[in-house]
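**Student:** All residue numbers for the sequence shown refer to my numbering, where the first residue is 44 and numbers rise by one.
Note that the Cβ used here is the ideal one computed from N, Cα and C, for glycine as well.
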Amino acid sequence: MYDDILVPTDGSEAVDRALDHAVRLAGDHDATIHALYVVDRRIVTANSGDLHDEILSDLEAQGEAAVKHVAERAREAGLDVKTHIVEGTPDTEIVAYADEGDIDVIVLSPEGKSPRERIQSLGSVSDRVADDATVPVFLIK
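#1: When we look at the beta-carbon of E56 and count the other beta-carbons within 10 Å, is it buried (16 or more) or exposed?
#2: Taking only runs of the alpha helix (DSSP H) that begin and end inside the region 64 to 122, which ones reach a length of at least 4 residues, in chain order?
#3: Grab the span of the alpha helix (DSSP H) containing I137 for me, first residue to last.
#4: How far does the beta strand (DSSP E) with P47 in it reach, from first residue to last?
#5: Pop quiz: A77 and D47 are said to be a contact at Cβ under 8 Å. What is the actual Cβ separation, rounded to whole angstroms?
#6: Measuring straight from C-alpha to C-alpha, what distance separates R116 and D174?
#7: Tell me the rounded alpha-carbon separation between V129 and S167.
#8: Check whether the region 105 to 119 touches the region 79 to 86, taking contact to mean three or more Cβ pairs, one atom from each stretch, closer than 8 Å.
#9: Looking at the secondary structure, which residues open and close the alpha helix (DSSP H) in which V172 lies?
#10: Below 9 Å between beta carbons: does that hold for V148 and T75?
Written as structure tokens, this is what we have:
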């Protein structure tokens, strides 16, 4: 039923709850976990010059660490995993990846890194993903 499960990650602890569910689901269905981190273009383009490059580099490093964490957890459970880092608007890129990658289900947490970051993102990424996705979305609290 589920061959490919997308786990978007922002590197926060809240992702671990969604990841636990995704790992169980993938184990039950012998599915592949897809770890996706989106470098938020809005944060990068809001800055210029040297700061722009530094912020982009920092966000890419955060992304590498975030998808590595998901990959390690999936591999520990004996699962296949693919990692991806893209640049764009998180909700748009998550939905696009699900569509283009033949994803069967998206498993994510409705919580972000911090209250300030949730406010800055102009609404809930998870709400927009749930509204726009063409595949089932599991929101894990």
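**Tutor:** On the basis of the data shown:
#1: exposed
#2: 84 to 88, 92 to 119
#3: 133 to 143
#4: The sequence as given places Asp at residue 47; Pro does not occur at that position. Its beta strand (DSSP E) spans residues 47 to 51.
#5: For the sequence presented, residue 77 should be read as His rather than Ala. H77 to D47, Cβ: 6 Å. Contact.
#6: Answer to the nearest angstrom: the Cα atoms are 28 Å apart.
#7: 19 Å
#8: yes
#9: 168 to 175
#10: no
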